[in-house]
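I have placed the structure first, in the form of structure tokens, so that the comments after it can refer back to it.
There are 2 protein chains.
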Amino acid sequence: MESSNEEVENRQIVLRDYVSGFPKETDMVPSKTTLKLKVPEGSKAVVLKNLYLSCDPYMRNRMNKADGSSYIHSFTPGSPLVGNGVSKVVDSGHPDFNNGDYVWGITSWEDYSLIENPESLHKIKYTDVPLSYYTGILGMPGVTAYIGFYEICSPKKGEYVFISAASGAVGQLVGQFAKLMGCYVVGSAGSKEKVDLLKNKFGFDEAFNYKEEPDLNAALKRHLLLAQYKSFFGLSSHSDGLKKSILFLLISHQSPINFRYFPEGIDIYFENVGGKMLEAVLFNMRNHGRIAVCGMISQYNLDKPEGVHNLFLVVAKRIRMQGFLVFDYYHLYPKFLEFTRQHILENKIV
Amino acid sequence: MESSNEEVENRQIVLRDYVSGFPKETDMVPSKTTLKLKVPEGSKAVVLKNLYLSCDPYMRNRMNKADGSSYIHSFTPGSPLVGNGVSKVVDSGHPDFNNGDYVWGITSWEDYSLIENPESLHKIKYTDVPLSYYTGILGMPGVTAYIGFYEICSPKKGEYVFISAASGAVGQLVGQFAKLMGCYVVGSAGSKEKVDLLKNKFGFDEAFNYKEEPDLNAALKRHLLLAQYKSFFGLSSHSDGLKKSILFLLISHQSPINFRYFPEGIDIYFENVGGKMLEAVLFNMRNHGRIAVCGMISQYNLDKPEGVHNLFLVVAKRIRMQGFLVFDYYHLYPKFLEFTRQHILENKIV
Numbered sequence: 001m002e003s004s005n006e007e008v009e010n011r012q013i014v015l016r017d018y019v020s021g022f023p024k025e026t027d028m029v030p031s032k033t034t035l036k037l038k039v040p041e042g043s044k045a046v047v048l049k050n051l052y053l054s055c056d057p058y059m060r061n062r063m064n065k066a067d068g069s070s071y072i073h074s075f076t077p078g079s080p081l082v083g084n085g086v087s088k089v090v091d092s093g094h095p096d097f098n099n100g101d102y103v104w105g106i107t108s109w110e111d112y113s114l115i116e117n118p119e120s121l122h123k124i125k126y127t128d129v130p131l132s133y134y135t136g137i138l139g140m141p142g143v144t145a146y147i148g149f150y151e152i153c154s155p156k157k158g159e160y161v162f163i164s165a166a167s168g169a170v171g172q173l174v175g176q177f178a179k180l181m182g183c184y185v186v187g188s189a190g191s192k193e194k195v196d197l198l199k200n201k202f203g204f205d206e207a208f209n210y211k212e213e214p215d216l217n218a219a220l221k222r223h224l225l226l227a228q229y230k231s232f233f234g235l236s237s238h239s240d241g242l243k244k245s246i247l248f249l250l251i252s253h254q255s256p257i258n259f260r261y262f263p264e265g266i267d268i269y270f271e272n273v274g275g276k277m278l279e280a281v282l283f284n285m286r287n288h289g290r291i292a293v294c295g296m297i298s299q300y301n302l303d304k305p306e307g308v309h310n311l312f313l314v315v316a317k318r319i320r321m322q323g324f325l326v327f328d329y330y331h332l333y334p335k336f337l338e339f340t341r342q343h344i345l346e347n348k349i350v
Numbered sequence: 001m002e003s004s005n006e007e008v009e010n011r012q013i014v015l016r017d018y019v020s021g022f023p024k025e026t027d028m029v030p031s032k033t034t035l036k037l038k039v040p041e042g043s044k045a046v047v048l049k050n051l052y053l054s055c056d057p058y059m060r061n062r063m064n065k066a067d068g069s070s071y072i073h074s075f076t077p078g079s080p081l082v083g084n085g086v087s088k089v090v091d092s093g094h095p096d097f098n099n100g101d102y103v104w105g106i107t108s109w110e111d112y113s114l115i116e117n118p119e120s121l122h123k124i125k126y127t128d129v130p131l132s133y134y135t136g137i138l139g140m141p142g143v144t145a146y147i148g149f150y151e152i153c154s155p156k157k158g159e160y161v162f163i164s165a166a167s168g169a170v171g172q173l174v175g176q177f178a179k180l181m182g183c184y185v186v187g188s189a190g191s192k193e194k195v196d197l198l199k200n201k202f203g204f205d206e207a208f209n210y211k212e213e214p215d216l217n218a219a220l221k222r223h224l225l226l227a228q229y230k231s232f233f234g235l236s237s238h239s240d241g242l243k244k245s246i247l248f249l250l251i252s253h254q255s256p257i258n259f260r261y262f263p264e265g266i267d268i269y270f271e272n273v274g275g276k277m278l279e280a281v282l283f284n285m286r287n288h289g290r291i292a293v294c295g296m297i298s299q300y301n302l303d304k305p306e307g308v309h310n311l312f313l314v315v316a317k318r319i320r321m322q323g324f325l326v327f328d329y330y331h332l333y334p335k336f337l338e339f340t341r342q343h344i345l346e347n348k349i350v
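Protein chains in written order, with the UniProt record's numbering: chain H, 1 to 350; chain L, 1 to 350.
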């Protein structure tokens, strides 16, 4: 579609009203309006044709009525949802953008968007990968994983990494970065299919379905012991028969060998979940462990968030817990892009 | 008392049994034994005459039955309490220590102690200050304050610092270090007398009695607004009449000026308390704030610690929360000693 002075039909997905509890399909309403595919005379705006739109966990927070505690504005009821997308510039009043450019960044859930301040859009440099990658591995979730792991976690080879919501767009990539660095990686997810993906597609050493674990603390302890035994006996990650025998030995004998020869817990926790999971992880962190706090998705739909009762362990174990938002790190995008694209081309990450 | 082969009477304070809830006086029992004031032939031990013993908050944790979550061993029921003290060496088998040396470090609550591994004792270099200072401002609490503030908080001039349990041995010194750096400092404590000490003796800008604040969140907000107004109108910390007028204006008009011209919250929280206080502080932290977690004394006597429900703010505000233990930093003791002693001699800290 070329830029034009004519108004075209513009389909939108509009937020009906603020949401509390789990969002329902009826909270989002299809709607129609029209838009002129030309920027206003003299403005520095751009008009985008939106090609891919991404639905990301942080958007849940923007559906709440603002209470002053959020880091970004709430959505406006009656207006289209706003999120990351990949778009094509159809008209531009801005010197940095030309018609036909592909961009990724914050746009609206509609066919066409008029962006008044396009400075925060990222121009897409490489189109030899599918454009949809820029809503994922090469877009906001990708940078989040990269920053969270390399800048916040201070990772070292051989460290023990745990990732919650590990099959999400961010978690799956954190796990792959951690494997590239030679860490031992365990993830949690919410279904057998996701757990299989983590182990078979993304190369996690282990993964478990948190919904099948009545005691998360015990689940983490089991995986720590397993990791430690594998390391002691020099087992690969996927020797399943042996693994089961060892687990059996372990559970039946409660061998004290663990406490003498093996590391004591999780070095790095990549936190996407919060609440009970964080509490269980704190019990299993190692001294001088680091927690990169990327999100707390288990809490977003609760009116009253769960309490975390064992924060004293932050002192006892000298833990560093660091919240971060990817927006603060977009200046590192070019470095991230070269690094990640190279590894995609070499089939080292997927 | 010279070293001698004779056994001398040795009074002790013994832990009766593990403690749950608030410790009572009867949990600690006076007792007597005897000790030979001579180290065993060929050992590297020292015998100390204990001059000053310090009762520090972290000791409460050592009175619990070990559950694997603590960073140090529990005390042994039937044995004397163990803590920091200032002592004189009365016999030494260790090349680093001579009879007559003064030392500070971990000793037992008794007249004389045989220390098998004296390597962790600190030899006292300066005796031109009262020796008791080495249980406080020049000892473990002093190093804790120094490390916690300068190494963990990454402080900058003009930042807004809040300290809980601020009249404690650590808190009062953190406040003074923060004032030396040109920060605005508010502390909380548990009585009017302590609050007065903070403001009049230790130079805090403001202080409040948390027991008189049914809503800690509101108390912190009030102090933030006060700080901001003082800064805006160029008021000194102690103009009490004006302060009251401003507070009145502030409360009666709920002026929106705050949100446009003033900083948004606490830059640095020095955490000694935990629980509800931490929750209230998180609501009032500024983006990119830092929390040095030194202790969580409000939780030590609880069977079930309080939950902290608003940890999502760690993400939203990109907060760094860092637990630390002074034991990891004793190599910085000489640097701390020169710095702090100098400021004591110049009457800049008390």
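Cβ coordinates follow ideal geometry from the N, Cα and C atoms, glycine included.
C-beta contact flag for residue i and residue j at 8 Å
i                 : j                 : result
alanine 207(H)    : leucine 198(H)    : yes
glycine 21(H)     : asparagine 272(H) : no
glutamate 279(L)  : asparagine 310(L) : yes
residue 353(H)    : alanine 45(H)     : With chain H covering only 1 through 350, there is no way to say anything about residue 353(H).
aspartate 101(L)  : asparagine 84(L)  : no
aspartate 111(L)  : asparagine 50(L)  : yes
tyrosine 184(L)   : alanine 219(L)    : no
lysine 317(L)     : glycine 323(H)    : yes
residue 362(L)    : lysine 36(L)      : No information on residue 362(L) is available, as it lies outside the stretch 1 to 350 that chain L covers here.
lysine 202(L)     : glutamine 299(H)  : The residue asked about is misnamed: residue 202(L) is phenylalanine in this sequence, not lysine. Cβ distance not < 8 Å, so phenylalanine 202(L) and glutamine 299(H) don't count as in contact.
isoleucine 344(L) : valine 129(L)     : yes
For residue j and residue i, the rounded distance between their alpha carbons
i                : j                    : result
proline 80(L)    : phenylalanine 177(L) : 35 Å
glycine 275(L)   : tyrosine 126(H)      : 50 Å
asparagine 64(H) : methionine 277(L)    : 26 Å
glycine 175(H)   : lysine 348(H)        : 12 Å
glycine 142(H)   : proline 118(L)       : 52 Å
serine 132(L)    : glycine 42(L)        : 32 Å
threonine 33(L)  : valine 14(L)         : 11 Å
tyrosine 150(L)  : threonine 135(L)     : 20 Å
lysine 38(L)     : histidine 94(L)      : 12 Å
For residue i, the three-state DSSP class (helix, strand or coil)
i                   : result
arginine 62(H)      : helix
tyrosine 210(H)     : helix
isoleucine 344(H)   : helix
tyrosine 133(L)     : helix
serine 231(H)       : helix
isoleucine 13(L)    : strand
asparagine 258(H)   : Its pLDDT being 35, under 50, asparagine 258(H) is placed unreliably by the model, and nothing is read from it.
asparagine 301(L)   : coil
proline 30(L)       : strand
leucine 250(L)      : The predicted position of leucine 250(L) is uncertain, since its pLDDT is 49 and thus under 50; no value can be drawn from it.
leucine 37(H)       : coil
isoleucine 115(H)   : strand
asparagine 287(L)   : strand
phenylalanine 97(H) : coil
glutamate 7(L)      : strand
Amino acids of chain L, ordered along the chain, whose beta-carbon sits closer than 9 Å to that of residue i
i               : result
cysteine 294(H) : Val315
Residue closest to residue i, alpha-carbon to alpha-carbon, out of the options
i                : options                                    : result
arginine 62(L)   : Lys36(L), Ala165(L), Ser31(L), Tyr18(L)    : Tyr18(L)
aspartate 267(L) : Pro155(L), Lys38(L), Ile124(L)             : Pro155(L)
serine 108(L)    : Tyr52(L), Asn347(L), Ile137(L), Lys304(L)  : Tyr52(L)
arginine 341(L)  : Met321(L), Leu121(L), Tyr58(L), Ile137(L)  : Ile137(L)
valine 186(H)    : Thr76(H), Ile163(H), Ser87(H)              : Ile163(H)
valine 89(L)     : Glu306(L), Thr76(L), Val103(L)             : Val103(L)
methionine 28(L) : Phe75(L), Glu41(L), Leu35(L)               : Phe75(L)
leucine 48(L)    : Val86(L), Gly78(L), Tyr58(L)               : Val86(L)
glycine 182(H)   : Val195(H), Glu159(H), Ile124(H)            : Glu159(H)
lysine 157(L)    : Gly171(L), Gly139(L), Leu180(L), Tyr269(L) : Leu180(L)
Chain H contact residues for residue i, given Cβ-Cβ distances below 8 Å
i             : result
lysine 328(L) : What sits at residue 328(L) in the sequence shown is aspartate, not lysine. Here the neighbours are Arg318.
Neighbouring residues, chain L, relative to residue i (Cβ below 7 Å)
i                 : result
methionine 321(H) : Val314, Met321
glycine 274(H)    : Leu311, Phe312
Per-residue contacts from residue i into chain L (C-beta, under 8 Å)
i                    : result
leucine 225(H)       : Within chain L, no residue comes near leucine 225(H); the closest Cβ sits about 14 Å away, beyond 8 Å.
phenylalanine 324(H) : Val315, Arg318
Interface partners of residue i on chain H, CB under 7 Å
i                : result
glutamine 299(L) : Phe312
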